[in-house]
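The numbering used here numbers the first residue of the sequence shown as 39 and each following residue consecutively. From the three backbone atoms N, C-alpha and C, an ideal C-beta is built for every residue, glycine too. The structure displayed is predicted, hence computed values, not measured ones.
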Amino acid sequence: GDFTMLEVCASKIGDIILVKKYKSDNKEIGMHSFVVISDEEGEIQGLPYDIVCNVLSSLKGGEHRKRKLSYPGNLPITSKDTEIPDGNQKDGYIKAEQFYYFKKELIDYTVIGNMTIESFNMLIDFIYNLPIDIIHVTDNLK
Numbered sequence: 039g040d041f042t043m044l045e046v047c048a049s050k051i052g053d054i055i056l057v058k059k060y061k062s063d064n065k066e067i068g069m070h071s072f073v074v075i076s077d078e079e080g081e082i083q084g085l086p087y088d089i090v091c092n093v094l095s096s097l098k099g100g101e102h103r104k105r106k107l108s109y110p111g112n113l114p115i116t117s118k119d120t121e122i123p124d125g126n127q128k129d130g131y132i133k134a135e136q137f138y139y140f141k142k143e144l145i146d147y148t149v150i151g152n153m154t155i156e157s158f159n160m161l162i163d164f165i166y167n168l169p170i171d172i173i174h175v176t177d178n179l180k
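If you want it as structure tokens, here you go:
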């Protein structure tokens, strides 16, 4: 099709995006995937943002799976919960208690797929019922 750059980069809730590099705890981290949980513009600590995301990671099985899923903020998902053309088909987890705030023009990212509607709704329910506080990560706005 005749996609403009804008359409390719327009992200909406439920999208899975691949961010080329981002900051967390003042460390720069390489390429990683995120789920967009909000696409409304807003401000946090006086800084404007236009998407809020959760980290999406693959599970490596066995001990890794047990350890990662022991955290109350990690929601397990299967490859059936996402639609990622050419994805790795691995099961994974979403760090639901960490909200990453981004300004799209400040990050280099690509939309690589999306969550299914059912799995996205499951994620939102999971966030609403988290037994722990949400961590707001604003490192990428400055």
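Residue range of the unbroken beta strand (DSSP E) whose run includes residue i
i      : result
ASP163 : No beta strand (DSSP E) contains ASP163, which is instead part of the alpha helix (DSSP H) from 155-166.
GLU66  : 65-67
ILE145 : No beta strand (DSSP E) holds ILE145; DSSP gives it neither H nor E.
GLY130 : 130-140
GLY80  : 80-82
Residue i and residue j closer than 7 Å at C-beta
i      : j      : result
PHE140 : ILE172 : no
LEU94  : VAL73  : yes
GLY151 : ILE122 : yes
LEU179 : LEU85  : yes
Exposure label - residue i; buried when at least 16 CB within 10 Å
i      : result
ILE132 : buried
PHE41  : Only weak support is given to the placement of PHE41: the predicted model assigns it a pLDDT of 45, under 50, and the question is left unresolved by the model.
SER71  : buried
TYR87  : buried
SER49  : buried
ILE170 : exposed
TYR60  : buried
GLU78  : exposed
TYR166 : exposed
GLU135 : buried
Alpha helix (DSSP H) segment containing residue i, residue limits
i      : result
GLU101 : 100-106
Helix, strand or coil at residue i [DSSP, three-state]
i      : result
LYS118 : helix
Whole-Å CB distance - residue i paired with residue j, under 8 Å assumed
i     : j      : result
ILE54 : MET160 : Actually they are not in contact, since the Cβ atoms of ILE54 and MET160 sit about 15 Å apart, beyond 8 Å.
SER96 : ASN126 : 6 Å
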